[in-house]
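The structure appears right after this line, and notes come after that.
2 protein chains.
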Amino acid sequence: MALKSTSTSGLTLTRLMIRPTTSKYSMSGARHYSAPLDGTIPPAKQKYVPTSGTYPKGFLVSGTHVGVKPTNKSTPDLAFLASETPCAAAAVFTKNKFQAAPVTVSREMLKRRNNSDVRAVIINSGCANAVTGKGGLEDAENMGAEADRCFDPPTDGKGGSTIVMSTGVIGQRLVLEHVHVPNSLTLARLPIQKILRKIPSAFEALGTSHDHWLSTARAICTTDTFPKLVSRTFSLPSSPTIEYRMAGMTKGAGMIHPNMATLLGMIATDAPIAPNLLPSLLTNAVNKSFNSISIDGDTSTNDTVAVLANGAAGGKEITSESSDDYSIFQKTLTEFATDLAKLVVRDGEGATKFVTIRVTESPSEVGARKIASTIARSPLVKTALYGKDANWGRILCATGYSQISEPGMPINEVPEIVPEKTSVSFIPTDGSPELKLLVNGEPESVDEVRAAEILEHEDLEILVRLGGGKEEAVYWTCDYRYVFNSSEAQL
Amino acid sequence: MALKSTSTSGLTLTRLMIRPTTSKYSMSGARHYSAPLDGTIPPAKQKYVPTSGTYPKGFLVSGTHVGVKPTNKSTPDLAFLASETPCAAAAVFTKNKFQAAPVTVSREMLKRRNNSDVRAVIINSGCANAVTGKGGLEDAENMGAEADRCFDPPTDGKGGSTIVMSTGVIGQRLVLEHVHVPNSLTLARLPIQKILRKIPSAFEALGTSHDHWLSTARAICTTDTFPKLVSRTFSLPSSPTIEYRMAGMTKGAGMIHPNMATLLGMIATDAPIAPNLLPSLLTNAVNKSFNSISIDGDTSTNDTVAVLANGAAGGKEITSESSDDYSIFQKTLTEFATDLAKLVVRDGEGATKFVTIRVTESPSEVGARKIASTIARSPLVKTALYGKDANWGRILCATGYSQISEPGMPINEVPEIVPEKTSVSFIPTDGSPELKLLVNGEPESVDEVRAAEILEHEDLEILVRLGGGKEEAVYWTCDYRYVFNSSEAQL
Chain A
0 MALKSTSTSG
10 LTLTRLMIRP
20 TTSKYSMSGA
30 RHYSAPLDGT
40 IPPAKQKYVP
50 TSGTYPKGFL
60 VSGTHVGVKP
70 TNKSTPDLAF
80 LASETPCAAA
90 AVFTKNKFQA
100 APVTVSREML
110 KRRNNSDVRA
120 VIINSGCANA
130 VTGKGGLEDA
140 ENMGAEADRC
150 FDPPTDGKGG
160 STIVMSTGVI
170 GQRLVLEHVH
180 VPNSLTLARL
190 PIQKILRKIP
200 SAFEALGTSH
210 DHWLSTARAI
220 CTTDTFPKLV
230 SRTFSLPSSP
240 TIEYRMAGMT
250 KGAGMIHPNM
260 ATLLGMIATD
270 APIAPNLLPS
280 LLTNAVNKSF
290 NSISIDGDTS
300 TNDTVAVLAN
310 GAAGGKEITS
320 ESSDDYSIFQ
330 KTLTEFATDL
340 AKLVVRDGEG
350 ATKFVTIRVT
360 ESPSEVGARK
370 IASTIARSPL
380 VKTALYGKDA
390 NWGRILCATG
400 YSQISEPGMP
410 INEVPEIVPE
420 KTSVSFIPTD
430 GSPELKLLVN
440 GEPESVDEVR
450 AAEILEHEDL
460 EILVRLGGGK
470 EEAVYWTCDY
480 RYVFNSSEAQ
490 L
Chain B
0 MALKSTSTSG
10 LTLTRLMIRP
20 TTSKYSMSGA
30 RHYSAPLDGT
40 IPPAKQKYVP
50 TSGTYPKGFL
60 VSGTHVGVKP
70 TNKSTPDLAF
80 LASETPCAAA
90 AVFTKNKFQA
100 APVTVSREML
110 KRRNNSDVRA
120 VIINSGCANA
130 VTGKGGLEDA
140 ENMGAEADRC
150 FDPPTDGKGG
160 STIVMSTGVI
170 GQRLVLEHVH
180 VPNSLTLARL
190 PIQKILRKIP
200 SAFEALGTSH
210 DHWLSTARAI
220 CTTDTFPKLV
230 SRTFSLPSSP
240 TIEYRMAGMT
250 KGAGMIHPNM
260 ATLLGMIATD
270 APIAPNLLPS
280 LLTNAVNKSF
290 NSISIDGDTS
300 TNDTVAVLAN
310 GAAGGKEITS
320 ESSDDYSIFQ
330 KTLTEFATDL
340 AKLVVRDGEG
350 ATKFVTIRVT
360 ESPSEVGARK
370 IASTIARSPL
380 VKTALYGKDA
390 NWGRILCATG
400 YSQISEPGMP
410 INEVPEIVPE
420 KTSVSFIPTD
430 GSPELKLLVN
440 GEPESVDEVR
450 AAEILEHEDL
460 EILVRLGGGK
470 EEAVYWTCDY
480 RYVFNSSEAQ
490 L
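Here the protein sequences come in this chain order: A and B. Residue 37 in numbering that gives the first Met the number 0 sits at position 38 of the first sequence, and the numbers go up by one each step. Residue 458 in numbering that gives the first Met the number 0 sits at position 459 of the second sequence, and the numbers go up by one each step.
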């Protein structure tokens, strides 16, 4: 099989000389697909795993087993996404001061390429390649370079064109648990040779079928209980007859498990977007989606969400922020990212509830967001939700401390919160009327039976009206499972 | 018994005409003392409950059963502290925007009296009197006024002289769970008549014995598993022959329990302190003690810590911030408040570990505090500690995101954190050498056996060296109990 074309390119990468059919690029082993199908997905989560999808033109994907963790004997742990043509691409990265090697490498690559001419994404799970020093940076660079080698070599002098991501345990502990050798530093890094050796077969395995996408989504999982894959079609005003497609995957973010939870996301679309517009489109979308969810409140060293647009569906390229196409695409991307982000919340470890926190009537969007975030992160709110307790006092309490200062600092002014204007309601997800708990700072006479009915459902919206403006913000969160005492927990 | 003196006073309150002996002011029922002694204290916590104490002169206390919660048939839930002579007093209150009625009433009283001539503290547990509107304010005022009536009426025209605190469930849900009536708003308030009726007998029951103090500490508890009482003696340079005393109590702060956790603290000393100095002495002490602990990260509507100084032990009044006496008293008060605050952490619900987070070598104290606070609150760190997992990656991760901005905001500069200068160690509490996990950003070859040994102990210190300055901050936190999956939890 010809992995490289014989043609040469100018400033852009040449076309990938493989045909996007599934038959030619089948996976090398059936087990790679079996993880989502072998019954390990909890029954309550199976409804979130799609059985079909509409995938963007010109993108090929594969999920391959490497065995990054020595204990992993068959589950795919290497995800490869490739585009037949160079893409506009953008990514948002963790703001954690300790950034993993792949974050540094990918950020620099996108900067060097001005968000243009990106060809692939390569992701391993099982090891985060974080806090791994210079060796870790080399590992991440080598992963990208090995993926690059599957394509025609770029001749634009801008180096690699692959986004690299890793997720798993930070530092060396993963390997140390299994192998005892004198110098752990050599083990702190990725088992990079194993990964590099498998990249060519991952490339061979690329395909476009739903099973390919599902296997790839599976390969980026760590503590996730189900693969998180979403696809959709959309159209743009300037080309109403073209069906554009968007597909993406994500992984979370489990509270409580002893492994590190990292949030990764990858979105591909065949719509044509000017590279210089993609970063702000993605940032806007992520702020209202991946940055508006809370599982455990921790921000990882590896968090990365990337978008690639290859324009393979044709039509007019979006080149202006003031165009209708831009607005529609922004809306589409934000909704899509939100759908993905919500799946992460659905998979919060031990979670039984999916809770929307909506803060409205705020003088500022920033204030509303801070309040929504604080409620979403409050352990007391989250444990009350697990206990199906209509405890609006805890919601109010979290609202009230959401903008307080650090100890020793002057107290914030907090213009957003006026106790006697604040109202709290439960909004049922079945369309029935809201249940008012607090109205303008005064407790309502709560129908406890009705409250219990609403809290029986998996989904719930908590609405906080601040009564002081027109801005709003939304967060999505889950409950915290807890144990009452040790005799019940049997731990 | 003469509850009021026949003498009149000038600008200060008259002396309380009761003698500070325990025999005369015995409690009216033995059950009031029984809660800490009847075996309900978990065996592992019994070592934190003192069997004797050295209590400050001129202070009398009692814990009385009211039955604020209808289900409480015998446990003391009304705490009364009185001083024979008017006190200098100060308090720090929650910064939560939704402040409970007793917070408002006590704050105004202390302001009106310029921190002088305070006579008593009255505290109920079982209902927080928070988010209770004007009615709740009246209730809190009436509680204070009823306590005031036990003393000679003040003639200084400054109104009441009693600090009021409440702790329990916010709003109306507590009572609604037990009594169903059409209009819950009338039930949202304290069962104030029950409390007011008992205040005279609480006054009659005042005494100075260790049992009195322990019963009073018991009366302020809610979800606490043991009463938190500390006492000590100290001396001041200007009066080396005088033995001063300090006693105090606190209550927490349980993660996970469906009731509201409020932090209250009350400290009494017989040292003579000028009223104008007491607020800053207390604020400094609280910032390094009660504001440096984290159980669940939530800041309640009722949090209050008060200090009263009656000068009954004699000696020279502390009137200057630049005196040696001031420095020594500040140090004493801070250490004492720290001892109290640590007891709250010891009682974190489900907690198995007591963890000191020390962040050193920081360019700023504020930065060190923010980092320590973030590590102490990280659910991933707390669950790793529960799992006895030497997961320094999570510690580093929390360090790295401790100063990140809200979504959509520009990223902070965070001068405190330089990855390649950051080191993380476990400091064993048995005096054995530290276990280095990360040195200048490079992972150490960790002796897993040694790490496991250290993590077996209840107490542990996590030391983060930032390598960039000389400031430091300390936080105390506990672990989070968690369940691996539902079959283990049997929930």
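Where is the CB? At the ideal position from N, CA and C, for every residue including glycine.
Counting the other CB atoms within 10 Å of its CB gives Arg111(B) a total below 16, which places it among the exposed residues. A residue is called buried once 16 or more other Cβ atoms fall within 10 Å of its Cβ, and Arg196(B), having fewer, is exposed. Asn309(B) counts as buried, since at least 16 other C-beta atoms from the protein chains shown sit within 10 angstroms of its C-beta. Between Glu316(A) and Ile266(A), the C-beta spacing is not below 9 angstroms. In this chain, the beta strand (DSSP E) harbouring Phe92(B) covers Leu77 to Phe92.
Short of 7 angstroms from the beta carbon of Ile426(B), and not among the five residues preceding or following it, lie these beta carbons of its own chain, in chain order: Glu433, Glu460 and Leu462.
Judged by beta-carbon spacing, Val343(B) lies beyond the 9 angstroms limit of Ala90(B), meaning their Cβ atoms are not closer than that value. Straight through space, the alpha carbons of Pro226(B) and Ala216(B) are spaced by roughly 5 angstroms.
Listed along chain A are Cys396, Gly399, Tyr400 and Ile403, each with a C-beta nearer than 8 angstroms to that of Asn95(B).
In this structure, Leu465(A) is the residue among Ser165(A), Leu465(A), Val229(A) and Asp151(A) with its C-alpha nearest to the C-alpha of Glu419(A). For Asn123(B), not one C-beta of chain A is nearer than 9 angstroms to its own C-beta. The straight-line gap separating the alpha-carbon atoms of Thr84(A) and Leu228(A) is approximately 23 angstroms.
DSSP places Asn123(B) inside the beta strand (DSSP E), whose first and last residues are Val117 to Ser124. When the Cα atoms are used, Arg393(A) and Ile162(B) turn out to be separated by approximately 25 angstroms. Tyr474(A): not part of any alpha helix (DSSP H); member of the beta strand (DSSP E) spanning Glu470 to Cys477, first to last residue.
Taking all protein chains shown into account, Val65(A) has 16 or more neighbouring C-beta atoms within 10 Å of its C-beta and is therefore buried.
Contact annotation, Thr261(A) with Asn301(A): C-beta distance approximately 4 angstroms; criterion of less than 8 angstroms satisfied. Rounded to the nearest angstrom, the Cβ distance from Ser160(A) to Arg118(A) is 4 angstroms, consistent with a contact under 8 angstroms. Going by beta carbons, Tyr243(B) and Leu276(B) fall outside the 9 angstroms limit.
The criterion of a C-beta distance shorter than 9 angstroms is satisfied by Ala201(A) and Phe79(A). Taking 7 angstroms as the upper bound on Cβ-Cβ separation, chain B lies near no residue of the stretch 450-475 of chain A.
Listed in chain order, the alpha helix (DSSP H) elements of length 4 or more contained wholly in the stretch 194-256 of chain B are 209-218. Val168 and Ile169: these are the residues of the stretch 156-169 of chain B whose beta carbon lies less than 8 angstroms from some beta carbon of chain A, given in chain order. For the stretch 332-408 of chain B, the continuous alpha helix (DSSP H) assignments of 4+ residues that do not extend past its boundaries occur at 364-376, 378-385 and 391-400, in sequence order. Taking each of Phe58(B), His456(B) and Arg449(B) in turn and checking the Cα distance to His209(B), the smallest one comes out for Phe58(B). For Val438(B), the enclosing beta strand (DSSP E) starts and ends at Leu434 to Val438. For the stretch 319-333 of chain B, no residue has a beta-carbon sitting nearer than 7 angstroms to a beta-carbon of chain A.
Per DSSP, the beta-bridge partners of Arg464(B) are Thr359(B) and Ser422(B).
In this structure, Lys287(B) sits near Val473(B), with a CB-CB distance shorter than 9 angstroms.
Secondary structure at Ser61(A): strand, using DSSP grouped into helix, strand and coil.
Considering only beta carbons, the part of the stretch 124-158 of chain B lying closer than 9 angstroms to chain A consists of Ala127, Ala129, Val130, Thr131 and Gly132, in chain order.
Less than 9 angstroms separates the beta-carbon of Thr224(B) from that of Ile40(B). The residues Gly52, Tyr54, Val60, Leu228 and Ala246, in chain order, have a CB closer than 7 angstroms to that of Trp212(B) in the same chain once the five nearest residues on each side in sequence are set aside.
The C-beta distance from Ala383(B) to Ala450(B) rounds to 12 angstroms, too long to meet the 8 angstroms contact threshold.
Closest in alpha carbon position to Glu455(B), among Thr428(B), Val445(B) and Trp475(B), is Thr428(B). Counting every other CB atom within 10 Å of its CB across the protein chains shown gives Pro42(B) a total below 16, marking it as exposed.
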